[in-house]
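Down below is the structure, laid out as structure tokens.
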Amino acid sequence: MKKIVFILIVLITLGIQAQTSEELGLQIAKAAEQADLGFNSSTVNLKMTLKNKNGQTSERSLTTKTLELTDDGDKSLIVFNSPKDVKGTSTLTFTHKVGSDDQWLFLPSIKRVKRISSNNKSGPFVGSEFAYEDLSSQEVEKYTYKFIEEKGSLVVVEQDPVDPKSGYTRRLVTYNKDKGYRFEKVEFYDRKNALLKTLIYSNYKIYKNKFWRAATFTMKNHQSNKETILEFSDYNFDIDLSEEDFTQVALKRIGS
Amino acid sequence: MNAFKKAGNATNVFARSWANFVIKYKWPVLLAALILAIGLGSKGNMEFDGDYHVFFSKSNPELEAFDALQDKYTKDDNVIIVLSPSNGNIFTKENLTAIEELTAESWNTPYSSRVDAVTNFQHTSAVGDDLYVDDLSYESSLKTDAEILEIKEKALKEPLLVNRILNEKGSITAINITVRLPGIDLNEIPGEVTPFVRNMISDFKEKYPNFEVHTSGLIPMNTAFFESSMNDMGLTMIMLIIVIITTFILTRNIWSTLATLIVVLLSIMSAIGFVGLMGIKLTPPSSVFPTMILTLAVADSIHILVTMLQKMRKEGLNKVDALKEAMRLNFMPVFITSLTTVIGFLTMNFGDVPPFWDLGNITAFGMGMAFLYSTTALPALMAILPVKSKVKKEDTKVRKEWYASLGNFVVKQPVRLTIISLLVIGGLTYLASKNTFNDEFVNYFDETVAFRTDTDYIRNNLTGIYNIEYSIGSGESGGINNPEYLKSLNAFENWLNEQPEVIHVNAFSEVARRVNRSMHGDNESFYRVPDNRDEAAQYLLLYELSLPFGLDLNNQINVDKSETRVTVTLDNITSADMIAFSKKGEDWLKNNTPEAMHAIGVSPTLMFSKLGFRQAESMLTGNIIALILISLVLMLALKNFKLGLLSIIPNVTPVLVGFGIWALYKAQINTGMVIVFGMTLGIIVDDTVHFMSKFLRARRELGYDAKQAVVYAFETVGKALVTTTIVLLAGFAVLSTSSFALNSYMARITVIIILSALIIDFILLPSLLILTSKKEAVAVKNIKTTQVAFDK
Numbered sequence: 001m002k003k004i005v006f007i008l009i010v011l012i013t014l015g016i017q018a019q020t021s022e023e024l025g026l027q028i029a030k031a032a033e034q035a036d037l038g039f040n041s042s043t044v045n046l047k048m049t050l051k052n053k054n055g056q057t058s059e060r061s062l063t064t065k066t067l068e069l070t071d072d073g074d075k076s077l078i079v080f081n082s083p084k085d086v087k088g089t090s091t092l093t094f095t096h097k098v099g100s101d102d103q104w105l106f107l108p109s110i111k112r113v114k115r116i117s118s119n120n121k122s123g124p125f126v127g128s129e130f131a132y133e134d135l136s137s138q139e140v141e142k143y144t145y146k147f148i149e150e151k152g153s154l155v156v157v158e159q160d161p162v163d164p165k166s167g168y169t170r171r172l173v174t175y176n177k178d179k180g181y182r183f184e185k186v187e188f189y190d191r192k193n194a195l196l197k198t199l200i201y202s203n204y205k206i207y208k209n210k211f212w213r214a215a216t217f218t219m220k221n222h223q224s225n226k227e228t229i230l231e232f233s234d235y236n237f238d239i240d241l242s243e244e245d246f247t248q249v250a251l252k253r254i255g256s
Numbered sequence: 001m002n003a004f005k006k007a008g009n010a011t012n013v014f015a016r017s018w019a020n021f022v023i024k025y026k027w028p029v030l031l032a033a034l035i036l037a038i039g040l041g042s043k044g045n046m047e048f049d050g051d052y053h054v055f056f057s058k059s060n061p062e063l064e065a066f067d068a069l070q071d072k073y074t075k076d077d078n079v080i081i082v083l084s085p086s087n088g089n090i091f092t093k094e095n096l097t098a099i100e101e102l103t104a105e106s107w108n109t110p111y112s113s114r115v116d117a118v119t120n121f122q123h124t125s126a127v128g129d130d131l132y133v134d135d136l137s138y139e140s141s142l143k144t145d146a147e148i149l150e151i152k153e154k155a156l157k158e159p160l161l162v163n164r165i166l167n168e169k170g171s172i173t174a175i176n177i178t179v180r181l182p183g184i185d186l187n188e189i190p191g192e193v194t195p196f197v198r199n200m201i202s203d204f205k206e207k208y209p210n211f212e213v214h215t216s217g218l219i220p221m222n223t224a225f226f227e228s229s230m231n232d233m234g235l236t237m238i239m240l241i242i243v244i245i246t247t248f249i250l251t252r253n254i255w256s257t258l259a260t261l262i263v264v265l266l267s268i269m270s271a272i273g274f275v276g277l278m279g280i281k282l283t284p285p286s287s288v289f290p291t292m293i294l295t296l297a298v299a300d301s302i303h304i305l306v307t308m309l310q311k312m313r314k315e316g317l318n319k320v321d322a323l324k325e326a327m328r329l330n331f332m333p334v335f336i337t338s339l340t341t342v343i344g345f346l347t348m349n350f351g352d353v354p355p356f357w358d359l360g361n362i363t364a365f366g367m368g369m370a371f372l373y374s375t376t377a378l379p380a381l382m383a384i385l386p387v388k389s390k391v392k393k394e395d396t397k398v399r400k401e402w403y404a405s406l407g408n409f410v411v412k413q414p415v416r417l418t419i420i421s422l423l424v425i426g427g428l429t430y431l432a433s434k435n436t437f438n439d440e441f442v443n444y445f446d447e448t449v450a451f452r453t454d455t456d457y458i459r460n461n462l463t464g465i466y467n468i469e470y471s472i473g474s475g476e477s478g479g480i481n482n483p484e485y486l487k488s489l490n491a492f493e494n495w496l497n498e499q500p501e502v503i504h505v506n507a508f509s510e511v512a513r514r515v516n517r518s519m520h521g522d523n524e525s526f527y528r529v530p531d532n533r534d535e536a537a538q539y540l541l542l543y544e545l546s547l548p549f550g551l552d553l554n555n556q557i558n559v560d561k562s563e564t565r566v567t568v569t570l571d572n573i574t575s576a577d578m579i580a581f582s583k584k585g586e587d588w589l590k591n592n593t594p595e596a597m598h599a600i601g602v603s604p605t606l607m608f609s610k611l612g613f614r615q616a617e618s619m620l621t622g623n624i625i626a627l628i629l630i631s632l633v634l635m636l637a638l639k640n641f642k643l644g645l646l647s648i649i650p651n652v653t654p655v656l657v658g659f660g661i662w663a664l665y666k667a668q669i670n671t672g673m674v675i676v677f678g679m680t681l682g683i684i685v686d687d688t689v690h691f692m693s694k695f696l697r698a699r700r701e702l703g704y705d706a707k708q709a710v711v712y713a714f715e716t717v718g719k720a721l722v723t724t725t726i727v728l729l730a731g732f733a734v735l736s737t738s739s740f741a742l743n744s745y746m747a748r749i750t751v752i753i754i755l756s757a758l759i760i761d762f763i764l765l766p767s768l769l770i771l772t773s774k775k776e777a778v779a780v781k782n783i784k785t786t787q788v789a790f791d792k
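What follows is the structure in structure tokens.
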């Protein structure tokens, strides 16, 4: 009898701990979301540099506009400035907390807006090492969480994507809890649970005394040895965009 | 001539004191030999490398071009799993579900980066202004019959699928797993990828027994290379048993059999140490080294032991005296024959195929060590072991008479025999020129290897396994969207499709056409490349944004969007046709496209096609050098310039005869056979050395005329030549059972060459000796020389 009681106690304790690690993970993700809340809207210029194994490079430049929404996922608009033959091509994305995102693309060459079936968001974004899912708004609901460890101010949380079409089994995210739970590093594990890529955030700057933004994202693919570097410049948090700036009409206007 | 005689005397004296020394210090000598062998052996490390890259030297231009192509796009090692459902229709709910399941499981293959199947094919369609890019069949188990019929229609119309992933009838399909190996650990394929794939397939077969499964691709080929190395290593045991039996039959003495066994084992142990010290990774061609060393090293011991036992049995010498005499008489011949064999094997370094460098170097080292052990450990052992032998009435008289009568037969009709021999050799030489190179890598394995039969099934039922790739540049960043480029690329694609040997073409122009059609509401009249650069670039951007993980275009387009990759799959064709086809494609580009688009064809299969030619070209110098060196050694050993020159005939003609007979047998030569000239030269030269030295001894010492000297040579050395030939034939016959054609063909032609060499040495050589001696006065007759070192 005593034995059974003991086992029960052990099991309950373990159960509590398991729950705790998941809850703790979720708690951290929510804290990070909370810390970044209230930026309303921003624009930023982005230079994307693709490097292959031999160090050959290729560049693209883009402008991104983001509108913060609280009841659903953020809306974003990306405009390509170069290469020349895709200049003006723009994408409009409505991320959703639950279900597939909506995405449209404006093609200036035919002056038409095309809706993209967005079941596939795990593929490389314009040939880079970033998948569309790596760049889209990080909504809390898109993952389940598990707290892994804490080292000083750094907290590591495992995130498992909810979407079955994701290219990953899990991501290991390192937050900096002293710096507004900003991301320091993300490790991506592919479908066979092998380390695929590492994303390092660097050159952080704080805007409006609250919002941490890294000026450099370095994504290294360990399997192909290719690398993509994103360099952000001219962050603007005072632009004060509204929903009207994120419609198909706006998409057409911006591109042409 | 005097200098040579002195040298001969000197070696004689040296051999005698060597024998005395070894017998006097038998224990220390044996111990030293053991320590040396164990010391070397302890450094031994046998690792197998199945990567097909090992067949190409670092400087091989085709390999460089292919690696450059893989760096630009993606490195594609693959496994093709071919599924044939028993109902002969892929498109049923059950079969599609099974395929979808296996496809999902395939993503778990270690190092996999991409999985292509009929179910996850990214089908593009347009509904109004929406572009849909989605799996051709997702969640197949929920599909209705009508939907499945629709999927079937789409699939069978899809140029990217038909003849690549799907056959025209829709009865057979493939799952292609692309694997990106880090290439750090030799165990990646044999230890990780292959076991995973095999398990996955056996689980699949259990769950879906209605599917027949075949596998091919570069990974299974790699595994086949690896496993055939292991198998060929296993032949060593068979050869070891043959060595024991042969030695026992020839010496009829258990102790000498034991001593021989120890000598060959020490030689192999040392060679294994050499492999470890040099960091050599074993491959199918080089993994036969233990059998080679066994075969060649045993001859050394047999020569010494047979003489020793003869001296004891026939002449009644005591053990030590017989041993000393055997050493004295055999030291030089064993040295010379070892030297020529080493030279022969070292010439493999002139070739362009690294596994043969390894085979040559390991065997040469092993032969050097075999010489050392045969002249140290062997006599020491024989001095220690309680060898007893009674003086026997020999029954060899009968056999001796047989050799003598063969000699007499030759002596009676040298002119006729020479003419007949030369006619036969001439005819076979003519036939030899009819052989053609064919290095179809699939045929490297015989039908006992599953990789071969599975690959044959795939190429007969689904698609080709020979391909050629062209990386076609546009000359500018983003230039692949230039309509001029796309039109030329499209024209190239069309031209390729028109060629009768082409089964499938995968070109970026097809993607451009397909997306253009979808951007125009799936209107068939827009199934052509876009006319406007911005349009093409923007469509491509849209399309790329729609592709899922692992199914992107990075394997077809470089990062700069300045080049695309065209992959042509070809029907079963020979190496020569393959090379010609690749050239034809290059020429078409030169004649029909701007300069930036000119490209050379590359691929592993093409590299193998060119391997034989490249090897033959580079081995030519090596063979000439081997011939010159070995002829020089012979001139020195025989102390006769004329006979050294004459020896070229019986040394070269067996190879011509061998390839002539081969033309009647297979008429196809592979890379493995290119090395046989140098290698067999080093081996067959022994016959000539022994025969000529006996002939010379009879002329110089015994004062015989040419005819008598020939009969004498037959009597004294005939049996020894036959026995060593039998040992060699046994060794190479064992190797000829290898399932790996580079080894088995090489061994088979070596069997023919060694046999021809013996016949030529018994028929043509004596005839020539008589004919050439006639003109010469009997001047040499009375010159007394001390005993020539080649005696028995």
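Which chain is which? The protein sequence lines are A and B, in order.
Following the UniProt record's numbering, the numbering of the first sequence begins with 1 at its first residue and continues without gaps.
Following the UniProt record's numbering, the numbering of the second sequence begins with 1 at its first residue and continues without gaps.
All residues carry an ideal CB built from backbone N, CA and C; glycine is no exception.
Self-check item: residue 423 of chain B, enclosing alpha helix (DSSP H) - first and last residue
Solution: Per DSSP, residue 423 of chain B belongs to the alpha helix (DSSP H) from 414–432.
Practice problem: State buried or exposed for residue 425 of chain B, treating a residue as buried only when at least 16 other CB atoms are found within 10 Å of its CB. | Solution: Result: buried.
Practice problem: Taking residue 269 of chain A as the query, report the chain B residues whose CB atoms sit under 8 Å from its CB, ordered along the chain. | Solution: Only positions 1 to 256 of chain A appear in this structure, which leaves residue 269 of chain A out of reach.
Quiz item: In terms of residues, what are the limits of the beta strand (DSSP E) holding residue 204 of chain A?
Solution: Run containing residue 204 of chain A: 195–207, per the beta strand (DSSP E) assignment.
Exercise. May I ask you to list the residues that DSSP assigns as paired with residue 502 of chain B?
Key: Listed as beta-bridge partners of residue 502 of chain B by DSSP are B/570.
Self-check item: Beta-carbon separation (whole angstroms), residue 442 of chain B vs residue 56 of chain A, contact threshold 8 Å
Solution: The beta carbons of residue 442 of chain B and residue 56 of chain A sit about 35 Å from each other, so the pair does not count as a contact at 8 Å.
Quiz item: Which stretch, first to last residue, makes up the beta strand (DSSP E) that contains residue 690 of chain B?
Solution: Element bounds for residue 690 of chain B: not the beta strand (DSSP E) but the alpha helix (DSSP H), 676–700.
Quiz item: Taking Cβ-Cβ distances shorter than 8 Å, what residues in chain A pair up with residue 533 of chain B?
Solution: Among the residues of chain A, those whose CB is under 8 Å from the CB of residue 533 of chain B are 85, following chain order.
Self-check item: Inter-residue Cα distance where the pair is residue 250 of chain B and residue 306 of chain B
Solution: For residue 250 of chain B and residue 306 of chain B, the distance between alpha carbons rounds to 7 Å.
Quiz item: Given that residue 74 of chain B touches chain A, what residues does it touch there, using C-beta distances under 7 Å?
Solution: The answer, in chain order, is 224.
Quiz item: Cα separation between residue 407 of chain B and residue 428 of chain B?
Solution: In this structure, the alpha-carbon of residue 407 of chain B lies about 25 Å from that of residue 428 of chain B.
Quiz prompt | Backbone secondary structure at residue 142 of chain A - three-state DSSP | solution = In the three-state reduction of the DSSP assignment, residue 142 of chain A falls in the helix class.
Self-check item: Own chain partners of residue 90 of chain A with C-beta closer than 8 Å, once the 5 adjacent residues on each side are dropped
Solution: So the list reads 77, 78, 79, 80, 105, 106, 251, 254 and 255, once near-sequence residues are dropped.
Quiz item: Tell me which same chain residues have a C-beta within less than 8 Å of the C-beta of residue 154 of chain A, skipping the five on either side of it?
Solution: Excluding positions up to five away in sequence, the list reads 174, 175, 176, 177 and 184.
Quiz item: Can you tell me where the alpha helix (DSSP H) with residue 539 of chain B in it begins and where it stops?
Solution: Here the alpha helix (DSSP H) through residue 539 of chain B covers 533–545.
Self-check item: Per-residue contacts from residue 71 of chain B into chain A (C-beta, under 8 Å)
Solution: Simply 52, 53 and 54.
Exercise. Give a yes or no on contact between the segment 508–518 of chain B and the segment 585–598 of chain B, applying the rule of three or more CB pairs nearer than 8 Å.
Key: Too few Cβ pairs lie closer than 8 Å, so no.
Quiz item: Per the contact definition of three or more C-beta pairs closer than 8 Å, is the segment 705–712 of chain B in contact with the segment 720–729 of chain B?
Solution: Cβ pair count under 8 Å is below three, so no.
Practice problem: Measure the alpha-carbon distance for residue 11 of chain B versus residue 329 of chain B and round it to whole angstroms. | Solution: Rounded to whole angstroms, the gap between the alpha carbons of residue 11 of chain B and residue 329 of chain B is 10 Å.
Practice problem: Kindly indicate if chain A contains any beta-carbon less than 7 Å away from that of residue 521 of chain B. | Solution: No, residue 521 of chain B does not count as interfacial toward chain A.
Quiz prompt | Coarse secondary structure for residue 159 of chain A, derived from DSSP in three states | solution = Residue state, collapsed to three classes: strand.
Quiz item: Distance, Cα to Cα, residue 86 of chain B vs residue 95 of chain B?
Solution: Taking the straight line from one Cα to the other gives about 10 Å.
Quiz item: So, residue 481 of chain B versus residue 533 of chain B, is the Cβ gap smaller than 7 Å?
Solution: Yes; because the gap between Cβ atoms is below 7 Å, this pair is in contact.
Quiz item: Secondary structure at residue 473 of chain B, three-state DSSP: helix, strand or coil?
Solution: Strand at residue 473 of chain B.
Quiz item: Would a check of beta-carbon distances place residue 729 of chain B closer than 7 Å to chain A?
Solution: Chain A, which has no Cβ nearer than 7 Å to the Cβ of residue 729 of chain B, makes this no.
Exercise. Would you mind reading off the limits of the beta strand (DSSP E) that contains residue 70 of chain B?
Key: Premise fails: residue 70 of chain B lies in the alpha helix (DSSP H), 61–72, not in any beta strand (DSSP E).
Quiz item: Can you name the residues of chain B whose CB is closer than 7 Å to the CB of residue 95 of chain A?
Solution: None at all; the shortest Cβ gap to chain B is about 15 Å.
Quiz item: So, are the CB atoms of residue 373 of chain B and residue 263 of chain B less than 7 Å apart?
Solution: The Cβ atoms of residue 373 of chain B and residue 263 of chain B sit closer than 7 Å to each other.
Practice problem: Pull up the DSSP beta-bridge partners for residue 112 of chain A, would you. | Solution: Paired residue(s): A/107.
Self-check item: Those runs of the alpha helix (DSSP H) which lie wholly inside the segment 11–92 of chain B and span at least 4 residues
Solution: Counting only unbroken stretches of 4 or more residues, the alpha helix (DSSP H) elements lying wholly within the segment 11–92 of chain B are 26–42 and 61–72, in sequence order.
Self-check item: Buried/exposed call for residue 209 of chain A, threshold 16 Cβ in 10 Å
Solution: Burial is judged here by how many other beta carbons sit within 10 angstroms of a residue's own beta carbon; residue 209 of chain A has fewer than 16 and is exposed.
Quiz item: Do three or more CB pairs link the segment 629–638 of chain B to the segment 337–354 of chain B at distances below 8 Å?
Solution: Touching, yes.
Quiz item: DSSP state of residue 783 of chain B, grouped into three classes?
Solution: Summary for residue 783 of chain B: the model assigns pLDDT 41, below 50, so the residue's position carries little reliability; its value from the coordinates is reported in the next sentence. In the structure shown, residue 783 of chain B adopts coil according to DSSP, grouped into three states.
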